[in-house]
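Step one of this worksheet: look at the structure below.
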Amino acid sequence: MPLDILLLGPQGSGKGTQAKRISAEYGIPHIATGDMLRAAVAEGSEVGREVASILESGGLVRDDLIVELIRERLGRGDTDPGFILDGFPRTTGQAEALDAMLSEIGRSLTIVFELQVDDAVAVERLTKRAREQSRADDTPEAIGRRLELYHRETEPLVEYYRIRGNVIGIHGERPEGEVFAEIQEALEALPREETAA
Ligand code: ADP
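So, in C-alpha cells, the structure goes:
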C-alpha cells in the first residue's frame, strides 16, 4: 500500500520542514503547491503570469487551476510509493477533487497530520522568515490575509478528514526534531502493509 500523507496547519506551523524530513526518511516526494506556483512565476510560464499577483497578495489561486496542477503531478511515477501533500488541499472543493482523483486510482489518504500552532507564533515565525528570505507574500498585510484564509477556508478540512477517521493532531510549537519524532511514531504505528511500499 502506498503511503499517502497530507499535512494541514497554518502558515508557519512547520509543514514544509516536516514534509522534507518525511520525504527523506520514507523516500516519497514532497508535493508543495506553493513551491510549484513560485516556480511557475519564476519561469514566467502562462500559469505563472496568471497567479503572480494572487500569490503576492496572499489570496488563493482558483481551485480548477490547482487541481489540474495536482492531477498532473500525481500522475508521475515517483508518487507510486506515496507522497506528502503540503499546501493542498486548501478548500473543501479541492479536498473533494482530491478524493475523486485518488479513488479513480484506487487510493485514499493514509494519514492526515494537523500541525497546531497559535496565530501569534505563526506570525512571529513568518516575520522572522521575512527578514531572512524575501518572499513577496511575507509582508504584514499578506501574512494576515493568508492566516485569515487558512482559518476560513482550510481549517474546516480538519473536520472534513476527522469524519473520515484519519487525522492526528500534533503540537507544533516545539523543536522540529520533537515534532518529527511524533510524526514518525504515528507512521510506525500504521498497520504494517501501509508502510511496506
Ligand atoms: P503559505 O502556506 O506560507 O501561505 P504556500 O507556499 O503554501 O505558503 O503558498 C503560497 C501561495 O500559493 C498561497 O498564498 C496561495 O496564493 C498559493 N497557493 C498554494 N497552494 C494553493 C492551493 N492549494 N490553493 C490555492 N492557492 C494556493
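In the working numbering, the protein residues as written are -13 to 183. We put the CB at the ideal spot given by N, CA and C, even for glycine.
A distance criterion of 6 Å places the beta-carbon of T19 in contact range of the ligand ADP, judged by its closest non-hydrogen atom. Ranked by Cα distance from L95, the options A175, G158, Y147 are led by Y147. One thing to note: A18 has its Cβ within 7 Å of the Cβ of D72. Fewer than three beta-carbon pairs drawn from the region 5 to 19 and the region 114 to 128 are found closer than 8 Å, and the two stretches are therefore not classed as touching.
Under the Cβ criterion (8 Å, minimum of three pairs), the region 90 to 108 counts as touching the region 167 to 175.
Runs of the beta strand (DSSP E) lying entirely within the region 70 to 126, each at least 3 residues long, are 97 to 102 in chain order. Boundaries of the beta strand (DSSP E) around A18: 16 to 18. A direct Cα-to-Cα measurement between L84 and K6 gives close to 21 Å.
For the options P161, I129, D21, the alpha carbon positioned closest to that of A106 is the one of I129.
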